[in-house]
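A.B. asks:
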Amino acid sequence: MQRILSTQLAQHAGETVTIAGWIHRRRLLKSVAFLIVRDAEGLSQVVVKEAKALETLTEESVVEVTATVTRNEQAPGGVELTGPSIRVLSAVDVPLPFALHRPALSASLPTQLDHAALALRHPARRAALKVAAAATAGFRTALSEQRFVEIQTPKIVGSSTESGANVFPIDYFGRPAYLAQSPQLYKQLMVGVFERVFEVGPVFRAEPSDTARHLAQYTSLDAEMGFITDHRDVMATLTRTLSVMMATVAARARVATPKVLPEIPAVSFTEALRIAGAAEGEEDLSPAHERALGEWALREHDSEFLYVTGYPMRKRPFYTHPDPSSTAYSNGFDLLFRGLEIVTGGQRLHRHADYVAALTAAGEPLEPYRGYLDGFKYGMPPHGGWAIGLERFVARLLGIANVREVTAFPRDLHRITP
């Protein structure tokens, strides 16, 4: 008999069916016992008249159950399984480090991470990963609809040239190499091939930041587009992309999502400093400033998103295009979501001579950038793009303080296993 999932049981009332999954919980009463079986879609309730039949079964053991689907409004999904035949496919014979049947995991986060293979089975942890999957699917859908082409770029690079962030060195057949900080330089080159490109992939940052919002490896949702006028074209495309991502999360993960206005409010960096009460002349926004801006955007514009544009050039990578009207500032932006920066983007330089001048002014040798600079030597349109940190986005969406709680196997300053 073909196995069906828990969510399909209601369609088979009165029929004999087979389900399979993990024993989520046993409830042993005097006259009857209940076996709660968990599969990828949810929970099924199995009614067992002889409680002794369940005494040797342990939570998280994998079982196959053949039984009759019987209507019961008190059961999950309005049906339960009666008259079961239970076959153990894989028995658990060791104590569990924590229980999974409670609404929230009682174990500390380090304990959960140490036992990730088990902790990720908990419905709450699993739900967060499902949101991440839905957000990624929405990202791909939105950009494909806007004529973007998905690409894959190297994660092993020969020089640490991208953003100045710390990098992880590796031994590459006896030669020095590094794990890529982002696909930035490659996705710019691919604008010369497809005009509009995107990538979903890992990036690596060897920053000694031991905070709830930093990881040494995270998933970056990158996009780059050519033939733009300036960064505002990039922002408009990002806004449309976010709208589709939110709709996809709501539909696939059944999570409430905030509205994305057709035009997300935007303030200049200097105006943001004033709104947040920052000292004049500061060159970056602190977490406290970002929170204040998020509160302001919600209060003044009923928006949980806010663009901050025109960051000082000194705080932006060398490839950033300056504001033509005030070259000390950039055509770059950040997107704040509920008072937290989740996206960095902007317009890039596109002329070879401008790159040579920018790198020379920064005291950087040109040779490590030769392959990158060739793309601009051979002609590149005005272009720009952005990068979304997936884990940070999901954590903010779900109201979870620590990005490790929405990451399957996080890598940070202290953790490289499991």
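In our numbering, each residue carries its 1-based index in the sequence shown increased by 50. We put the beta carbon where it would ideally sit given N, CA and C, even for glycine. Please read these numbers as outputs of a predicted model, since none were measured by experiment.
Are the beta-carbon atoms belonging to I314 and T289 less than 8 Å from one another?
C.D. replies: Contact: yes.
A.B. asks: Given a cut-off of 8 Å on the beta-carbon distance, is the pair V393 and L385 in contact?
C.D. replies: Yes, they are a contact pair.
A.B. asks: Please report the straight-line C-alpha distance between E321 and A342, rounded to a whole angstrom.
C.D. replies: If you take the alpha carbons of E321 and A342, they lie about 13 Å apart.
A.B. asks: Quick one: what's got a C-beta closer than 6 Å to Y369's C-beta in the same chain, skipping five residues either side?
C.D. replies: Within the same chain, Y369 has close Cβ partners R398 and L399.
A.B. asks: Locate the beta strand (DSSP E) running through Q202, then write down its first and last residues.
C.D. replies: Careful: Q202 lies outside any beta strand (DSSP E) and carries neither H nor E.
A.B. asks: What residue ranges within the region 149-222 form continuous beta strand (DSSP E) runs of no fewer than 3 residues, ordered along the chain?
C.D. replies: Qualifying beta strand (DSSP E) stretches, in chain order: 219-222.
A.B. asks: Would DSSP call H402 helix, strand or coil?
C.D. replies: If DSSP states are grouped into helix, strand and coil, H402 belongs with the helices.
A.B. asks: I'd like to know whether the C-beta atoms of K180 and P252 end up nearer to each other than 8 Å.
C.D. replies: Cβ atoms of K180 and P252: not closer than 8 Å.
A.B. asks: In the DSSP output, what is E330 paired with across the bridge?
C.D. replies: None; E330 has no bridge partner.
A.B. asks: Please state the DSSP three-state secondary structure of H281.
C.D. replies: Looking at H281 - three-state DSSP - the assignment turns out to be helix.
A.B. asks: Which same chain residues end up closer than 7 Å to R388 when comparing Cβ atoms and leaving out the 5 residues on each side of it in sequence?
C.D. replies: Closer than 7 Å at Cβ, skipping near neighbours: G344, E354 and R446.
A.B. asks: Alpha carbons only, please: which of Y361, D283, V317 and D334 is nearest the one belonging to W346?
C.D. replies: Taking only the C-alpha atoms, the option nearest W346 is V317.
A.B. asks: On a CA-only basis, which of E100, A286 and P468 is nearest A192? Give me that one, please.
C.D. replies: Comparing Cα positions, the closest option is A286.
A.B. asks: Are there three or more Cβ pairs, one per stretch, closer than 8 Å when the region 330-342 is compared with the region 214-233?
C.D. replies: The region 330-342 vs the region 214-233: no contact.
A.B. asks: Pick out the complete beta strand (DSSP E) segments inside the region 334-418, 3 residues or longer, and give them in chain order.
C.D. replies: DSSP runs (the beta strand (DSSP E)) wholly in the region 334-418: 355-359, 376-380, 382-387 and 390-398.
A.B. asks: Could you tell me which of Q124, A182, P153 and A183 sits nearest to A169, measuring between CA atoms?
C.D. replies: If we check each option's Cα against that of A169, P153 comes out closest.
A.B. asks: Name the DSSP beta bridge partners of T132, please?
C.D. replies: Paired residues: T118.
A.B. asks: Can you tell me which of the three DSSP states F26 falls into?
C.D. replies: What the structure shows of the chain is the stretch from 51 to 468, and residue 26 is not part of that stretch, so it cannot be assessed.
A.B. asks: Nearest-angstrom Cα distance between P431 and K237?
C.D. replies: Taking the straight line joining both Cα atoms gives about 13 Å.
A.B. asks: Do A101 and L78 have their beta-carbon atoms positioned less than 8 Å apart in this structure?
C.D. replies: Result yes, Cβ atoms of L78 and A101 sit closer than 8 Å.
A.B. asks: For Y268, count neighbouring C-beta atoms within 10 Å of its own C-beta (all shown protein chains included) and say buried if the count is 16 or more, exposed if not.
C.D. replies: Y268 comes out buried.
A.B. asks: Tell me the rounded alpha-carbon separation between P468 and S140.
C.D. replies: Computed Cα separation, rounded: 22 Å.
A.B. asks: Is the separation between the beta-carbon of F198 and that of R137 shorter than 8 Å?
C.D. replies: Not a contact, by the Cβ cut-off of 8 Å.
A.B. asks: Rounded to whole angstroms, how far is the Cβ of A437 from the Cβ of D272, which I believe are closer than 8 Å?
C.D. replies: Indeed they touch by this definition, with Cβ atoms about 5 Å apart.
A.B. asks: For the beta strand (DSSP E) containing A316, list its first residue and its last residue.
C.D. replies: Note, A316: beta strand (DSSP E), A316 to S318.
A.B. asks: Which residues does DSSP pair with M295 in a beta bridge?
C.D. replies: Beta-bridge pairing links M295 to no other residue.
A.B. asks: Give the straight-line distance between the Cα atoms of Q162 and G71, rounded to the nearest whole angstrom.
C.D. replies: Between Q162 and G71, the C-alpha separation is close to 22 Å.
A.B. asks: Is the distance from the Cβ of E200 to the Cβ of E249 below 8 Å?
C.D. replies: Yes, the Cβ-Cβ distance between E200 and E249 is below 8 Å.
A.B. asks: Looking at C-alpha atoms only, which residue of G435, V453, E333 and V97 is the closest neighbour of V115?
C.D. replies: Considering only alpha carbons, the answer is V97.
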